[in-house]
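Novice: Mind looking over this structure? Questions follow.
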Amino acid sequence: MESKARLILNAQDSLLVVVDIQQRLTAAMPTGVRERVIEQVKVLLTAAKVLTVPVVVTEQYPKGLGLTEPELVKELPEATTLIEKTSFSCMNIAEFCSEIDKTACKQIILTGMESHICILQTALDLQAQGHQVFVVEDAVSSRSKANQYNSLQRLRHAGVIITNVESVIFEWLGDAKHPEFKTLAKLIV
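Printed below as a string of structure tokens:
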């Protein structure tokens with residue numbers, strides 16, 4: 022029973038990470054993919070705000086790839102940490118590791134771009150450090166469907182938990198009697 026219980030997200034032990042959803046990178050995504058990812062991440066950010074789940078946002082070389090999409094910036098909780106990076110794995114960034122230590126969260130939820138580069142490397146490095154890693158399939162993307170598929174298969178094979186926005190929210194809530202259930206159930210698209 023214990024092994025199943027640890028696979029369910031707990032809002033009090035979760036850290037939501039938004040990886041590199043930046044203007045020039047999103048512009049390179051296939052038609053419809055950019056919009057889907059932004060909408061799904063906005064839903065997660067709203068839920069994180071309501072349930073006080075900490076959020077970290079990363080930007081890969083913002084000088085070249087631009088800043089985080091303005092639509093997402095508007096939804097960020099006040100205490101969000103923004104980290105600039107050049108490393109593909111967020112775990113190679115001292116400030117990122119420090120944020121994880123500061124929150125003491127064991128469950129790390131990854132969203133963003135690109136699945137086969139920064140998401141993949143970050144997830145594998147987090148897992149190697151003993152964290153429980155969740156990649157939100159409908160809130161990550163790659164420019165190529167094949168790269169997206171391959172990265173998710175590889176992560177799944179490595180033991181990373183592949184999930185979706187709706188599952189994350191309902192696991193965070195845990196019960197229809199949760200005081201925020203009605204508010205957050207309306208967000209599901």
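No gaps in the numbering here: position 138 of the sequence shown is 159 in the numbering used here, and each next residue is one more.
Built from N, CA and C at the ideal position, the CB exists for glycine as well.
1. Determine the contact status of T230 and L208, defining contact as a CB-CB distance below 8 Å.
2. Assuming D146 contacts M112 under a Cβ cut-off of 8 Å, what Cβ separation, rounded to an integer in Å, is found between them?
3. State the DSSP-derived secondary structure class of L145, mapped to helix, strand or coil.
4. With a threshold of 6 Å on Cβ separation, who are the neighbours of S110 within its own chain once the five nearest residues in sequence on each side are excluded?
5. Can you give the Cα-Cα distance for K95 and E192, rounded to whole angstroms?
6. Taking all protein chains shown into account, do 16 or more other C-beta atoms lie within 10 angstroms of the C-beta of D41, making it buried, or fewer, making it exposed?
7. With distances taken between CB atoms, is the gap from V181 to V157 smaller than 8 Å?
8. Could you tell me if Q15 is buried or exposed, where buried requires 16 or more neighbouring beta carbons within 10 angstroms of its beta carbon?
9. How many Å lie between T204 and I121 at the Cα?
10. In or out: P91 buried (at least 16 other Cβ within 10 Å) or exposed?
11. Can you list, in chain order, the residues of its chain with a C-beta nearer than 6 Å to that of Y82? Leave out the 5 residues immediately preceding and following it.
12. Excluding the five sequence neighbours on either side, which residues of its own chain have a C-beta within less than 7 Å of the C-beta of K63, listed in chain order?
13. Identify, in the order they occur along the chain, each residue of the same chain with its Cβ nearer than 8 Å to the Cβ of R177, setting aside the five sequence neighbours on each side.
14. Take N31 and list the residues in its own chain whose beta-carbon comes closer than 7 Å to its own, dropping the five residues that flank it on each side.
15. Taking only three categories from DSSP, how would you classify G87?
16. Could you tell me which residues DSSP puts in a beta bridge with V76?
Specialist: Once the coordinates are examined:
1. A query on residue 230 cannot be resolved here, the shown segment of the chain reaching from 22 to 210 and no further.
2. Taking the sequence shown and counting its residues from 1, the one referred to as residue 146 is at position 125. Taking the sequence shown and counting its residues from 1, the one referred to as residue 112 is at position 91. Between M112 and D146 the Cβ distance is about 4 Å, and since that is below 8 Å, they are a contact.
3. For the purposes of this step, residue 145 is taken as residue 124 along the sequence shown, with counting starting at 1. Correct three-state label for L145: helix.
4. The count along the sequence shown starts at 1 and reaches residue 110 at position 89. Result list for S110: Q142, T143 and D146, in chain order.
5. As a first step, residue 95 is located in the sequence shown; it is residue number 74 there, counting from the start. As a first step, residue 192 is located in the sequence shown; it is residue number 171 there, counting from the start. If you take the alpha carbons of K95 and E192, they lie about 25 Å apart.
6. Looking up residue 41 in the sequence shown gives position 20. With 16 or more other CB atoms across the displayed protein chains lying within 10 angstroms of its CB, D41 is buried.
7. If you number the sequence shown from 1, residue 181 lands on position 160. If you number the sequence shown from 1, residue 157 lands on position 136. Taking 8 Å as the Cβ cut-off, V181 and V157 do not qualify as a contacting pair.
8. Because the chain is modelled from 22 through 210, residue 15 falls outside the range shown and cannot be assessed.
9. Within the sequence shown, the letter at position 183 stands for residue 204. Within the sequence shown, the letter at position 100 stands for residue 121. The straight-line gap separating the alpha-carbon atoms of T204 and I121 is approximately 28 Å.
10. Locating residue 91 in the sequence shown gives position 70, counting from the first residue. P91 is exposed by the Cβ-count criterion.
11. On the sequence shown, residue 82 is found 61 positions in, with the first residue counted as 1. Cβ-Cβ distances below 6 Å link Y82 to T107 in the same chain, with the five nearest sequence neighbours on each side left out; the list follows chain order.
12. The sequence position of residue 63 within the sequence shown is 42, counting from 1. Correct list, in chain order: E92, L93 and E96.
13. Within the sequence shown, the letter at position 156 stands for residue 177. Non-local C-beta neighbours of R177 in its own chain, meaning closer than 8 Å and more than five positions away in sequence, comprise I183, ordered along the chain.
14. In the sequence shown, the residue the question calls residue 31 occupies position 10. Residues of the same chain with a CB within less than 7 Å of the CB of N31, apart from the 5 flanking positions on each side, are Q128 in chain order.
15. As a position in the sequence shown, residue 87 is number 66, starting the count at 1. Here DSSP, grouped into helix, strand and coil, assigns G87 to coil.
16. Taking the first residue of the sequence shown as position 1, residue 76 is located at position 55. DSSP, once it has assigned bridges, lists L37 as partnering V76.
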